[in-house]
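For the sequence shown, counting from 1, position 313 maps to 376 in our numbering; every step adds exactly one. No residue lacks a Cβ here, since even glycine has one placed at the ideal position from N, Cα and C. In what follows, a structure is listed as structure tokens, so that the remarks can point back to it.
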Amino acid sequence: MQTVELTEPGVFEHRERDRPDPAPGEILVRVTHVGICGSDIHYYEHGRIGDYVVEEPLILGHESAGEVAAVGDGVTEFEPGDEVTLEPGVPCGECARCRAGEYNLCPDVEFMATPPDHGAFAEYVAWDADFAYGLPESVSTRAGALCEPLSVAIHVARRADVELGDSVLVSGAGPIGMLVGEAARAAGAGSVLVSDVVETKLERAAEYGATATVNVAEESLTDTVDEFTDGEGVDVVIEASGAAQSVKSTVDAVRRGGTVVCVGLAAEDEIPIQTNEIVDKELDFKGSFRFRNTYDDAVSLLERGAVDVERIIDFEMPMSDLTAAFERATEPDVVKGMVRVGE
Ligand SMILES: NC(=O)C1=CN([C@@H]2O[C@H](COP(=O)(O)OP(=O)(O)OC[C@H]3O[C@@H](n4cnc5c(N)ncnc54)[C@H](O)[C@@H]3O)[C@@H](O)[C@H]2O)C=CC1
Ligand SMILES: CC(=O)[C@H](N)C(=O)O
């Protein structure tokens with residue numbers, strides 16, 4: 064089968080590998096669509112993310128969907144021809160965090176496209192059937208591939224305990240911020256204010272349903288939030304940019320007794336923050352990491368039309384042009400690039 068592998072920063076090589084056989088409990092999936100994630104771009108440009116270093120050729124891509132080509136022994140829930148989306152992390156199932164149900168925090172998780180685990184820019188992937196989810200006819204594999212970033216967003220909305228009518232500030236209008244806005248609305252948020260520093264991203268956020276937007280490179284976030292909430296502060300802040308200034312400003316933007324959830328990953332290891340304000344305002348200040356138990360709900364949101372992931376996709380290119388697709392995905396206006404695998 065054809066694969067595309069990152070051999071060094073900025074270099075993809077097209078290679079032939081043996082098609083995998085599905086082991087007992089696995090399905091073999093003919094991959095049709097893979098979204099390009101910011102982490103794929105980071106590996107492509109830098110060959111590493113923190114301690115995860117690409118030392119051997121690595122197949123990137125973890126936002127994937129396709130068609131079942133074969134099933135391994137013991138798999139009864141799928142048959143060849145079914146369309147599926149793949150949850151990219153398979154946890155150990157045995158550690159304390161897995162036993163507690165927090166499997167997204169498993170230290171031994173095998174996560175696609177995270178060295179040394181390969182991802183989905185390949186014609187076929189053999190994957191644990193328990194981490195595959197059937198797509199109904201109304202949900203395409205192109206949309207189904209984006210159950211992954213949608214899952215990140217659903218988990219964030221759950222961590223934030225978004226309640227009916229809540230005012231929510233989402234910082235960062237990349238794919239995660241866009242989908243967080245959608246998940247917050249689906250959870251009942253009354254209003255969603257989106258901040259960014261790129262005007263075109265804010266225009267996209269407004270088209271996508273943001274109640275209001277603020278360009279924090281040009282306007283004061285505090286003044287906008289005050290105006291938006293009559294000086295109260297928002298009920299929930301979701302930090303989805305990873306920008307240090309944005310992380311710091313969460314504490315000012317949220318109301319007393321409100322909730323801040325950080326999903327963005329900062330370039331810095333440490334960001335100074337007003338801890339006394341967190342105490343004085345009695346904030347719930349949380350992180351959100353990947354997702355757990357979200358895929359069924361992500362598929363259901365797409366099936367019901369409650370979330371439209373198509374609107375964040377800027378382009379689709381074939382895997383045979385993966386370098387061009389990655390270069391295009393780095394353009395500042397682009398929110399999400401999609402790769403078509405196979406015919
Ligand atoms: N915790 C988790 O499980 C996950 C975390 N991430 C992280 O979430 C963040 C968002 O992911 P993507 O949307 O893919 O990234 P992205 O880079 O596409 O989007 C970030 C957005 O933030 C904007 N931004 C930059 N400075 C800003 C500021 N001061 N205020 C407001 N917005 C600002 C950028 O213009 C951009 O539109 C990244 O840091 C990523 O690493 C992504 C996936 C999972
Ligand atoms: C979930 C992601 O998008 C990210 N690549 C990660 O490794 O957590």
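The way I'd put it, the region 333-352 doesn't touch the region 365-381; fewer than three beta-carbon pairs between them come closer than 8 angstroms. Distances between the C-beta of Leu213 and the heavy atoms of ligand 1 are all 8 angstroms or more.
The DSSP-derived three-state label of Gly124 is coil.
The three-state reading of DSSP puts Arg353 in coil, since its state is none of H, G, I, E or B. Burial check for Thr393: the Cβ neighbour count within 10 Å stays below 16, so the residue is exposed. Membership of Met380 in the beta strand (DSSP E) is indicated by the continuous run 376-381.
By the neighbour-count criterion, in which 16 or more other beta carbons inside 10 Å mark a residue as buried, Pro85 falls on the buried side. Each residue's CA atom was taken as its position, placing Glu282 and Asp315 some 15 angstroms apart.
Ligand 1 has a heavy atom closer than 8 angstroms to the beta-carbon of Val279. According to the DSSP assignment, Arg82 belongs to no beta strand (DSSP E), since it is labelled neither H nor E. The beta carbons of Gly235 and Ala303 sit about 4 angstroms from each other, so the pair counts as a contact at 8 angstroms. Remark: the C-beta of Ile334 is outside contact range of ligand 1, defined as less than 8 angstroms to any heavy atom. With at least 16 other beta carbons inside 10 angstroms of its own, Cys161 counts as buried. With respect to Val233, Ala247 sits close: the two C-beta atoms are nearer than 9 angstroms. Under DSSP, the beta-bridge partners assigned to Ile99 are Gly400. Leaving aside the five residues that flank Val97 on each side, the residues in its chain whose CB is nearer than 7 angstroms to its CB run, in chain order, Gly124, Glu126, Ser127, Ala183, Phe184, Ala208, Val402, Val404. Taking 9 angstroms as the cut-off, the beta carbon of Ala268 is found no closer than this to the beta carbon of Glu373. With a cutoff of 8 angstroms, Lys349 does not count as near ligand 1, since its C-beta is closer than that to no heavy atom of the ligand. Asn278: not part of any alpha helix (DSSP H); member of the beta strand (DSSP E) spanning 275-278, first to last residue. The closest heavy atom of ligand 1 lies less than 8 angstroms from the beta carbon of Ser304.
The beta-bridge partner set that DSSP reports for Leu232 consists of Leu256, Val300.
The region 207-225 makes contact with the region 308-328, as at least three CB pairs between them are under 8 angstroms.
When rounded, the separation of the alpha-carbon atoms in Asp359 and Asp377 is 25 angstroms.
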